[in-house]
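Working notes for the structure below.
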Amino acid sequence: MKDSFFEKVYQVVAEIPFGRITTYGAIAEYLGSKGASRMVGWALNSTNKFPGTLPAHRVVNRKGLLTGKRHFGGTRVMADLLQSEGIEIKGDQILNFKEKLWLPEDIQ
DNA sequence: AATTTGACGCGGT
DNA sequence: CACCGCGCCAAAT
């Protein structure tokens, strides 16, 4: 374990329950660096190098918008995955976002 | 060692 | 609705 920011992000993302989602900001805050949500997104960028390792599609921005879908090789992949998990999506917006939201502090 | 970058957040114009 | 600037901070170059 490197305990690096990335590692922590990986851990948190890996704990996101099926059918739930969380936000960059929530993760950043949980990691003790509130406001450093950019780091989270960046960390997830590295995540792309480990396909299938993390459910990065369950991480969206604070509005529930799939802002990172473009990093999934296609613009519909992310939404598709989420919908497969029972999450309704309209455009880039997750419906019932608030209800599906999961926070690191609620970790299993 | 310094600068750039980034899948964000938020208020302002 | 579009665009802008600021804050935030670690990793990559």
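Count along the first sequence starting at 1, add 8, and that's the number in our numbering. Here a beta-carbon is modelled for each residue, glycine too, at the ideal position from N, C-alpha and C.
inquiry  = Please identify the residue among Arg28, Gly27, Leu39 whose C-alpha is closest to the C-alpha of tyrosine 18.
reply    = Leu39
query = Which residues in the same chain have their Cβ closer than 6 Å to the Cβ of lysine 77, if we skip the five residues on either side of it in sequence?
reply = Excluding the 5 residues flanking it on each side, lysine 77 has same chain C-beta neighbours closer than 6 Å at Thr83, Met86, in chain order.
task = Rounded to whole angstroms, what's the CA-CA distance from lysine 57 to lysine 10? Just pull it up for me.
result = Roughly 17 Å separates the two Cα atoms.
ask   = Alpha carbon to alpha carbon, how far is alanine 44 from glutamate 37?
value = 8 Å
request  = Give the DSSP-derived three-state secondary structure of isoleucine 102 in the structure shown.
outcome  = strand
key: Three CB pairs or more closer than 8 Å across the region 59-72 and the region 20-38   = yes
Residues of its chain near phenylalanine 14, where Cβ-Cβ distance is below 7 Å and the 5 sequence neighbours each way are ignored = Ala51, Ser54
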